[in-house]
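For the protein sequence lines, the chains are A and B, in the order given.
Letter 462 of the first sequence, counting from 1, is numbered 462 in the working numbering, and no numbers are missing.
Letter 610 of the second sequence, counting from 1, is numbered 610 in the working numbering, and no numbers are missing.
Glycine included, each C-beta is placed from N, C-alpha and C at the ideal position.
Protein chains: 2
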Amino acid sequence: MSQAQNRYKADLREFRFALFEQFKLGDVLGKAPYEDWGKDEVEMVIDQGYKFATEVLGPLNSVGDKGCRLENGQVKTPPGFKEAWKAAYEQGFKTLTVEKEHGGQGAPRVVAAVVSEMLSGSNAAFEMYPGLTLGAAEVIAAFGTHDQKELFLEKMLNGTWGGTMCLTEPHAGSDVGLSTTTAKKNADGTYAIKGTKIFISGGDHDMADNIVHMVLARIEGAQKGTKGLSLFIVPKHKVDAKGGLTGSNDVAVASIEHKMGINGSATCVLNFGDEGKCDGFLVGGQEHQGIRQMFLLMNYARIGVGVQGLAVAGAAYLNALEYARDRKQGSSIENFKDPEAPRVSIIEHADVRRMLLDMKARVEGVRALILKAASHLDSSLTKKGKDDDGAIEDMGQVELLTPLVKAFASDQAFRVCETAIQVYGGVGYTKDYPVEQYCRDSKIFSIYEGTNHIQSLDLVARKLGQRGGMNMQKFLGDIQTFVEKNRGHDALGPAVGKLASAAEAIGGCAMTFMGWAQSGQFDKVPLTSTRFLGIMSEVTIGWLLLDAAVIALDAQKKVSKDHPDFMFYEGKKHSANYFAHEVLSAVPAAAETIRAADRSPYEIPNAAFATV
Amino acid sequence: MSQAQNRYKADLREFRFALFEQFKLGDVLGKAPYEDWGKDEVEMVIDQGYKFATEVLGPLNSVGDKGCRLENGQVKTPPGFKEAWKAAYEQGFKTLTVEKEHGGQGAPRVVAAVVSEMLSGSNAAFEMYPGLTLGAAEVIAAFGTHDQKELFLEKMLNGTWGGTMCLTEPHAGSDVGLSTTTAKKNADGTYAIKGTKIFISGGDHDMADNIVHMVLARIEGAQKGTKGLSLFIVPKHKVDAKGGLTGSNDVAVASIEHKMGINGSATCVLNFGDEGKCDGFLVGGQEHQGIRQMFLLMNYARIGVGVQGLAVAGAAYLNALEYARDRKQGSSIENFKDPEAPRVSIIEHADVRRMLLDMKARVEGVRALILKAASHLDSSLTKKGKDDDGAIEDMGQVELLTPLVKAFASDQAFRVCETAIQVYGGVGYTKDYPVEQYCRDSKIFSIYEGTNHIQSLDLVARKLGQRGGMNMQKFLGDIQTFVEKNRGHDALGPAVGKLASAAEAIGGCAMTFMGWAQSGQFDKVPLTSTRFLGIMSEVTIGWLLLDAAVIALDAQKKVSKDHPDFMFYEGKKHSANYFAHEVLSAVPAAAETIRAADRSPYEIPNAAFATV
């Protein structure tokens, strides 16, 4: 019953299809800012990432599940994490997207997304430490003073130091504005920080020499709410002007949480300044800009959570697929009453096939959603300075899709893991196989970095109307163009018809939301936004699966039936048709339900929920 | 961070409503076989059950989550389990449904279901030990010889001995017919048992003096498949004719599973007869009747799993409700931009209310489904010998509803627990609150006692056509009667209209299934049966919630607005309207999807699922 075996799997052919065939990575390779990136470099980094995921991180996943320990105020990570951290930095996985001027490789975002998928899929808990470190470094890179960048950036990017985001407090979770951590200016220009932060992922660990906390705090006299918050760089150990460590900075780990999953990631309660000796550097020297600065990090972190969801779901799918091919049980349906009939692999059973295809479609669909957003980002970056209108248009799609990426990918992760357990049956519930851990790990994704409901409010109340609604119009227009072109497709036509109806239905919802806004019926938005995010995501995924299938079936004509690509392309057709039939067909009725906006949740009196 | 506090909650008013107001328990009280049961007795047993659940079992739930240990071949249960076992038997909770001739209280099944809900809800893992013991005893009571009953029954019913069901083997899970455990007749009429059984819940423990295993095995020379299986009573310790223990019966615990949840329940691998010294008693002295005999137990066990699902979901809902009332975060939607606005309990937020009402409706709906089945059973038992046709008709409904109870209640449990975690937010993911354990515990319910897909095949391929389709016709006819009576209801009319459409849609599916059967399109059944079970369950629940609401609103007219019942009744209206609006409205489109029976899961070639 050893857990320390590698269970991670990825389908590299699928990654290459998504990057080069569906999302046309070739169009940006070799162009600024991706001058140094060609197809060979991309292939190489994918292969290296897969090797690292399967050989280094994968075997540590179940080890990490046993959890971290807090010893004398110091977090001890699970055995092997320290070596993996060192190797991840040495091999350059953590600086893929970092700009060249800061020592990174400046890779296209779609490539980085694929590598992140492999690292998170093989060990979601481990990957949070370097992921948050990179996020913290990016905030300093974007908003820090020259000195702050000099002092912190290199060490945070090469893994000498770690990093965290410190927003949440005991009474300020989703409601960040309630934050009571204070900052008081010292004579030397630093600030004395005092307060308690909770749920700090990687809040302490033993893999780096120092940990740099990005802490939201309120400078004395600042206004209440989020607008009065400032962002501070607060290292665990004090740092002198040359980057030397000069002793404790009065940041204490009060406790670590005992959780359902991601147990290899230490979730800390941190006390800043209990002894009045905690100093922080104001980011960029700018007061009251904390929320704006933190949101840069939050936006990337939200896409990062989407990638986590995809990653775990993808690993769950491929493990379930392998089990379904190996495990023999029952005879085929033609012989089901004959006890002498040969036993077949469970993949031959209808409901197992249905579950596998369901997982396949959802995983590929979520991957396409994420890479769609990432490719808009790449496209925007290559257009910048040459075609600024185009760059803005692309960024608009990134903004629109971000809440879908975070919320839908995370919800689907839990759903796919649940299905994976069901494919395994009883053994899936045991720790002999990895899927129960994937399921536990994935539950947090719908909560952190802004709950999924908050994502849906961001979508409906902000993103739909952004740029006067032009982002949403462009999104629906792209689908419309696809529909017109492919409505008569031989193999996919009926499914494209379902996409058309579903897209029309979400367009109708968008109009309804606008009507509510104009007539002051704001309270209908939070009542329906979660459900709307769900169906808009389904439409996006249904579209992208069909787009992939069109491309795949064209390409299939050019390969012989015994070429391995033939079957790969065939699979794309079934993912798209299945999803359209099973999921898109339900969207119009769901849209009607949204538009009707039943008020029962408002109308029920609090006392009527239960007599206890 | 102490876990050993009681977290269990139940709404006793809700139980009383379901029993006396909706399911008219009064109609069977005082009538044979329930002559000894009046309203006072029922009230008393509910109060006692709640006291036991909250004071004894609840505090042991998180203790039990730390798991059992295997020491020198003996399972050690978590601290406190032994005392709880003793108390449960002393207080008579385990013999509620046992017939009086066997020393039980012969309680109505609906009463037993409510008590089971409380015991399982407070500690699902613990409750499995006595639950399976009772199931094993019931098989002996139904099929055992006089001597077998004399020898085993009393001790198994009073908790001196435990009991298990041993079906599964490493290569025989859902496919029980593959079982390779053998039985060879000894000179004294007993049988030498040899084989390995896995996933045996309560396969060993330290709470009883002996454990009586009900083991499926194949007598030498018997045919292959399920029809060649016989059922044996195989005690852990050999038993002499007077019930004395005379030494080991060669049943060894090879290992216990490490699981996602229900860790307080020891899931064992058992080796029977490794040393050739394991003797079993053939149940009833009848060869090759094992599957038929075991199915008596399986049918009750399936309802039992449904109760487990309800129980955990109910506890998750009431805990989330309490948290939502206590936890302050954010301001009300009218003031959401004002940082000075007073903070409100999160129950005031639209999406939290939506989640709570969603849980409320699902929990109450599943409870009504289970009690509906149980009340048909009670009704059948009281009609027996007086109105045999009526008794048969009632039993038909029990048979029809059993797969819904098992599968839908278990799936909903996981869904409700997931929602409960979301209501809590980050703290719901920690072991500081009980919901993450509920979620982990509940995942097994969809797998054991016949996977939920097997339930759906039982529903579509057996139950829909039972008695020439009369059970299904009666079911749809009851809904039709309700619809006709209440279509014009003031507060519920539109929801009743949605029920009518949804019921029509599942009726249409039933016709389609019949058409497939007549035209030999059998392979469409396993492709669609899981989904059909889902919508048929939703229709059942939508109907029963509306039925409850009609009764509640009538009763509400008779109480003053400040009577606590007023709000309780008001809640019933909202559960029903919410469920009809949000869930029933999607049924017709889902039914169309079922009837269209997309064949993608069959058509996709195995090699097209992935290139790995």
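Contact criterion: CB-CB distance below 8 Å. Does residue i meet it with respect to chain B?
{"i": "A:F414", "result": "yes"}
{"i": "A:D175", "result": "yes"}
{"i": "A:L546", "result": "no"}
{"i": "A:A53", "result": "no"}
{"i": "A:A590", "result": "yes"}
{"i": "A:G225", "result": "yes"}
{"i": "A:N606", "result": "yes"}
{"i": "A:E340", "result": "yes"}
{"i": "A:S585", "result": "yes"}
Ordered along the chain, which non-local residues of its own chain (more than five positions away) have a Cβ less than 7 Å from that of residue i?
{"i": "A:M1", "result": "In this prediction, A:M1 scores a pLDDT of 35, lower than 50, which makes its location untrustworthy; no coordinate-derived value is stated."}
{"i": "B:A141", "result": "H102, K149 and L153"}
{"i": "B:A591", "result": "A505, I506, G508, C509 and I535"}
{"i": "A:S331", "result": "D338, A341, P342, R343 and V344"}
{"i": "A:S375", "result": "F23 and V110"}
Go ahead and label residue i buried or exposed: buried means 16 or more other beta carbons lie within 10 angstroms of its beta carbon, across all protein chains shown.
{"i": "B:S613", "result": "With chain B running from 1 to 612 in the structure shown, residue 613 of chain B is simply not present."}
{"i": "B:S456", "result": "buried"}
{"i": "A:E582", "result": "buried"}
{"i": "B:K66", "result": "exposed"}
{"i": "B:K572", "result": "buried"}
{"i": "A:K259", "result": "buried"}
{"i": "B:K242", "result": "exposed"}
{"i": "A:E55", "result": "exposed"}
{"i": "A:S446", "result": "buried"}
{"i": "A:G189", "result": "exposed"}
{"i": "A:D326", "result": "exposed"}
{"i": "A:P605", "result": "exposed"}
{"i": "B:R440", "result": "buried"}
{"i": "B:M359", "result": "buried"}
{"i": "A:K100", "result": "exposed"}
{"i": "B:V398", "result": "buried"}
What in chain D is Cβ-close to residue i, meaning under 8 Å?
{"i": "B:D598", "result": "Protein chains A and B are contained in the structure displayed, whereas chain D is not."}
Under a CB-based cut-off of 8 Å, is residue i close to chain A?
{"i": "B:Y602", "result": "yes"}
{"i": "B:A254", "result": "no"}
{"i": "B:F15", "result": "no"}
{"i": "B:V269", "result": "no"}
{"i": "B:D351", "result": "yes"}
{"i": "B:Q329", "result": "yes"}
{"i": "B:E257", "result": "yes"}
{"i": "B:Y448", "result": "yes"}
{"i": "B:K197", "result": "no"}
{"i": "B:A517", "result": "no"}
{"i": "B:M207", "result": "no"}
Just to confirm my understanding: we take residue i, look at its own chain, exclude 5 residues before and 5 after, and list those with CB closer than 8 Å. What are they?
{"i": "A:Y602", "result": "D523 and L527"}
{"i": "A:S529", "result": "H453, S456, L457, L459, V460 and A461"}
{"i": "A:A222", "result": "G228, L229, S230, E287 and H288"}
Apart from the five residues on each side of it in sequence, which residues of its chain come closer than 6 Å, Cβ to Cβ, to residue i?
{"i": "A:G273", "result": "I193, K194 and D250"}
Cβ pair count under 8 Å reaching 3, the segment 127-140 of chain B against the segment 181-192 of chain B: no
Check whether the segment 102-121 of chain B and the segment 355-371 of chain B touch, using three or more Cβ-Cβ pairs below 8 Å as the test. yes
Positions along the segment 356-382 of chain B whose CB lies within less than 7 Å of some CB in chain A: L356, L357 and K360
To be precise: take each residue of the segment 416-431 of chain B, compare its Cβ to all Cβ atoms of chain A, and keep it if any distance is under 8 Å. Which residues remain? E418, I421, Q422, G425, G426, G428, Y429, T430 and K431
Residues within the segment 555-572 of chain A neighbouring chain B, beta-carbon criterion of under 8 Å: P564, M567, F568, E570 and G571
Using a Cβ cut-off of 7 Å, which residues of the segment 452-463 of chain B contact any Cβ in chain A, in chain order? H453
Using a Cβ distance threshold of 8 Å, determine whether the segment 401-416 of chain A contacts the segment 301-309 of chain A, with at least three qualifying pairs required. yes
Decide yes or no for the touch test of the segment 172-182 of chain A against the segment 252-268 of chain A: beta carbon pairs closer than 8 Å, at least 3 of them. no
Across the segment 23-33 of chain B and the segment 372-383 of chain B, are there enough close Cβ pairs to call them in contact, namely three or more that are closer than 8 Å? yes
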